[in-house]
Each structure stands twice: as structure tokens, then as C-alpha cells.
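Numbering (the working numbering), first residue to last: 101 to 280. We put the CB at the ideal spot given by N, CA and C, even for glycine.
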């Protein structure tokens, strides 16, 4: 079940990115070659981008691919480092909770108003529903990260930049002229 959930999350991200890219490409071609365009393409791309961001935030927490500055925390003893990480999880959960309730309030107000999106004949509340869902997913990921720290499976919430970064910056076999 967990693998299915993760695959759906990754599939949604891939779909949204592909949709945005395709819509933008089509719009550019139509504008520059045919002097026309799709009226709804910008709005569709904007709502897709918002969904991509909130779902992408939770994906970044799950894969520990957000960048963190851990220069000080990695020098702390393990117990203190875990306490600092759990404190960060609590702060992140508070922020995510505030964002969830704000997004929920937005969706419920849009639902009550019954407005349609400007260029797409879809209710605005339906298009913004990805915001509270995304923040719920993000809260789940923060809770999951906190549990991993408590169980000892992880010591960090995010991945920092470590000393081994030089291996990515220095060519392995000398300078570029030697490779020709």
C-alpha cells in the first residue's frame, strides 16, 4: 500500500510537470507561428504549478532532497541532534498546520461563492483543493520523519551539504584538456 501511495505521488508530479511543459510549449508555438493561443492555458498552468509545488514539498521531505544547513547540528552529540531535529519537525508541523487551515478556509469560501475559474469552466474551489490536500500530505511526511528520528532510523529531517561535495565538483581524471 505504501509503495502504491508513493508511486501515485510520483506519478502526479510527473503528470503535472508534463502538463505544464506541454501547455507552455503549445502556447508558444500557437502565439509565435499562428498568432493565436489558448485562452485557458495560463490559468491551467498556474493551477498545475501550485499543485506541483505543494505535492513536491512533501516528496522532497520523503526523499530528503531539500537542502539544509547542518553545519552546527552535525557537530552535536546524537541525542541533542535528535532533539533539535524533533524540534524542527514540531515547528514545521505548526507551519504546515497553519497553511492547511488557511488553504481549507480558502477552499470553503470559494465553495460557498460558487465562482468558476476565469478561463476554465471549472469551480475555483475544485482547482484550489490541491492546496489543503498537499499540506495534509506534507504534515504526514513531517510526522513520518519525526517517527524515523524517534525510532533511530534517521538523525536528520533534511539533507545537508557535506564535505564529500567536492567529489561532484572536481573532475575524476584531471582537467578537461587531458580528456580530449
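Beta-carbon proximity list for residue i, same chain, < 7 Å, skipping 5 on both sides
i, result
"residue 242", "161, 189, 192, 193 and 196"
"residue 133", "none"
"residue 113", "152, 155, 156 and 159"
"residue 229", "207"
"residue 255", "178, 181, 182, 185 and 249"
"residue 224", "210, 215, 216 and 217"
For residue j and residue i, believed in contact at Cβ under 8 Å, the rounded distance
i, j, result
"residue 235", "residue 153", "Contact flag wrong, Cβ pair sits at about 11 Å."
"residue 184", "residue 176", "7 Å"
"residue 141", "residue 127", "5 Å"
"residue 257", "residue 245", "5 Å"
"residue 143", "residue 219", "5 Å"
Buried or exposed (CB count within 10 angstroms, at least 16 for buried), residue i
i, result
"residue 268", "Interpretation of residue 268 is limited by its pLDDT of 46, a score under 50 that renders its predicted location unreliable; no figure is taken from the coordinates."
"residue 221", "exposed"
"residue 120", "buried"
"residue 139", "exposed"
"residue 136", "exposed"
"residue 200", "buried"
"residue 145", "buried"
"residue 118", "exposed"
"residue 231", "buried"
"residue 122", "exposed"
"residue 116", "buried"
"residue 227", "buried"
In DSSP terms, what residue i is bridged to
i, result
"residue 223", "216"
Beta-carbon proximity list for residue i, same chain, < 6 Å, skipping 5 on both sides
i, result
"residue 173", "181 and 184"
"residue 110", "none"
"residue 266", "For residue 266, the predicted structure reports a pLDDT of 45, less than 50, and the residue's modelled location is therefore unreliable. A value from the coordinates is still provided. Once the five neighbours on either side are set aside, residue 266 has no close Cβ partner at all."
Proximal residues to residue i (C-beta, below 8 Å), its chain only, five neighbours per side dropped
i, result
"residue 131", "137"
- Message: What ranges does the alpha helix (DSSP H) occupy inside the stretch 126 to 183, keeping only unbroken runs of at least 4 residues that lie completely in it?
- Response: 141 to 162
- Item | Start-end ranges of the alpha helix (DSSP H) lying completely within the stretch 222 to 254, minimum 4 residues | 224 to 228 and 230 to 251
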